[in-house]
Amino acid sequence: MLREALDEANNWIGKVPGVVMVGEGRAQDGSPTVDVWVTQPVSLPQKVKGVEVRVRNSGDIQAQ
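Anchor point for the sequence shown: position 38 equals 38 in full-length UniProt numbering, and the numbering is continuous, going up by one each time.
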């Protein structure tokens, strides 16, 4: 289920303006999450394929 959620999230959430990365995470209770790092506030679903989505502030990322 997590792999499917990550694949779906990468397919469309990764294309949302302000999203810089989508990856796997873990909630405090150990359950899997889809973590989405953003440079600006974005509106995202609370779950993808039944897996919680957590929005993370990436700060100001700059290429080197």
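Using N, Cα and C, we set each Cβ at its ideal position, and we do this for glycine too.
So residue i and residue j are supposed to be a Cβ contact under 8 angstroms. How far apart are they, rounded?
{"i": "V38", "j": "P45", "result": "Actually they are not in contact, since the Cβ atoms of V38 and P45 sit about 14 angstroms apart, beyond 8 angstroms."}
{"i": "D35", "j": "G18", "result": "Contact flag wrong, Cβ pair sits at about 15 angstroms."}
Where DSSP assigns a beta bridge to residue i, which residues make up the other side?
{"i": "W37", "result": "M21 and R56"}
{"i": "V51", "result": "V48"}
Select from the options the residue whose C-alpha is nearest the C-alpha of residue i.
{"i": "A5", "options": "R26, S43 and T33", "result": "T33"}
What do you reckon, are the CB atoms on residue i and residue j nearer than 7 angstroms?
{"i": "V55", "j": "L2", "result": "no"}
{"i": "A9", "j": "V48", "result": "yes"}
{"i": "S58", "j": "V20", "result": "yes"}
Residue range of the alpha helix (DSSP H) that residue i falls in?
{"i": "D29", "result": "Element bounds for D29: n/a, residue is neither H nor E."}
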